[in-house]
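J.: For reference, the structure I am asking about is given below.
See below:
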């Protein structure tokens, strides 16, 4: 019942804050983004429940007793920004008329689909893809080297950075584009600290890092 309530809460908040902020229920770009967002949310949950059962329940507990202190700070900031995201986009539409050109919707949709695919792929492959950074001794934590983890060590963050950028493009919100840039910086910071933690504390991760050399951007970092 708790999980069902949480599933309903996210779409309800998105709809109320996005269209409440814009004051316009006929906002086409808003509806395009809403259908993409909710559709991806439903499809992802169905796939994960089938192929990696139990993971979504684990992800619904974002901050745990053994969550690393730096990640508790990250999660509080990140969750606050994601709550504000649809409000900011709606208010930007109301007062600025979505200054990013309409043509940006199309690359935004493509980027959104790439992001949703990467995120779903990660959640299928990694049984330890919880919402917070911790060494999951209670769940037999081990290094995952398959799927997207063959290309970069933190593919989930690639997907999430793309996701927030795509939402800004689809909605045409310059304020949201700035928010997406801030979120990207936060994920780079989290990645650096998480990678240090895994190298120190997760057996086999150091060896994995010598094979898969890049954290987020192949060939660069």
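In my numbering, the protein residues as written are 6 to 226. Ideal Cβ positions, reconstructed from N, Cα and C, are used throughout, including at glycine.
For residue 85 and residue 186, what's the separation of their Cα atoms in angstroms?
T.: The residue labelled residue 85 in the question sits at position 80 within the chain shown. The residue labelled residue 186 in the question sits at position 181 within the chain shown. Those two C-alpha atoms are separated by around 15 Å.
J.: Check whether the Cβ atoms of residue 38 and residue 172 lie closer than 9 Å to each other.
T.: Counted from its first residue, the chain shown places residue 38 at position 33. Counted from its first residue, the chain shown places residue 172 at position 167. Yes, the pair counts as a contact, with Cβ atoms nearer than the cut-off.
J.: Let me see if you follow: with CB-CB separation under 9 Å, is residue 22 close to chain C or not?
T.: Looking at the structure shown, chain C is missing, and only one protein chain is on hand.
J.: Would you grab the beta carbon distance between residue 198 and residue 75 for me? Rounded to a whole angstrom, and I think it's under 8 Å.
T.: Counted from its first residue, the chain shown places residue 198 at position 193. Counted from its first residue, the chain shown places residue 75 at position 70. 5 Å between Cβ atoms; contact.
J.: If you check the beta carbons only, do residue 113 and residue 35 fall under 9 Å apart?
T.: Counting from 1 along the chain shown, the entry for residue 113 is found at position 108. Counting from 1 along the chain shown, the entry for residue 35 is found at position 30. No; because the gap between Cβ atoms is not below 9 Å, this pair is not in contact.
J.: Drop a sphere of 10 angstroms on the beta-carbon of residue 21, count the other beta-carbons inside from all chains shown, and report buried for 16 or more, exposed for fewer.
T.: On the chain shown, residue 21 is found 16 positions in, with the first residue counted as 1. Burial check for residue 21: the Cβ neighbour count within 10 Å stays below 16, so the residue is exposed.
J.: Within 8 Å, do at least three Cβ pairs link the region 210 to 226 to the region 147 to 163?
T.: yes
J.: Could you tell me whether the region 112 to 128 touches the region 189 to 205, where touching means 3 or more Cβ pairs closer than 8 Å?
T.: Under the three-pair Cβ rule at 8 Å, the region 112 to 128 does not count as touching the region 189 to 205.
J.: My output table needs one value for residue 97: the three-state DSSP class, helix, strand or coil.
T.: Position 92 of the chain shown holds residue 97. Correct three-state label for residue 97: helix.
J.: For a test of the three-state rule: what should DSSP assign to residue 50, helix, strand or coil?
T.: Taking the first residue of the chain shown as position 1, residue 50 is located at position 45. Residue 50 falls in the helix class under three-state DSSP.
J.: Thinking just about the alpha-carbon of each residue, which of 136, 32, 155 is nearest to the one in residue 223?
T.: Residue mapping note: residue 223 aligns to position 218 of the chain shown, counting from 1. Of 136, 32, 155, the residue nearest in Cα terms is 155.
J.: Between residue 91 and the rest of its own chain, which residues show a CB-CB distance below 6 Å, the 5 nearest in sequence each way excluded?
T.: Counted from its first residue, the chain shown places residue 91 at position 86. In its chain, beyond the 5 residues on either side, 19, 22, 23 have a beta carbon closer than 6 Å to the beta carbon of residue 91.
J.: By how many angstroms is the C-alpha of residue 70 removed from the C-alpha of residue 107?
T.: As a first step, residue 107 must be located in the chain shown, where it is residue number 102. As a first step, residue 70 must be located in the chain shown, where it is residue number 65. Using only the alpha carbons, I get a separation of about 45 Å.
J.: Could you pull out every residue in the same chain whose Cβ sits closer than 8 Å to the Cβ of residue 174, ignoring the five residues on either side in sequence?
T.: Position 169 of the chain shown, counted from the start, is the residue given in the question as residue 174. Here the set comprises 105, 109, 110, 112, 113, 116, 182.
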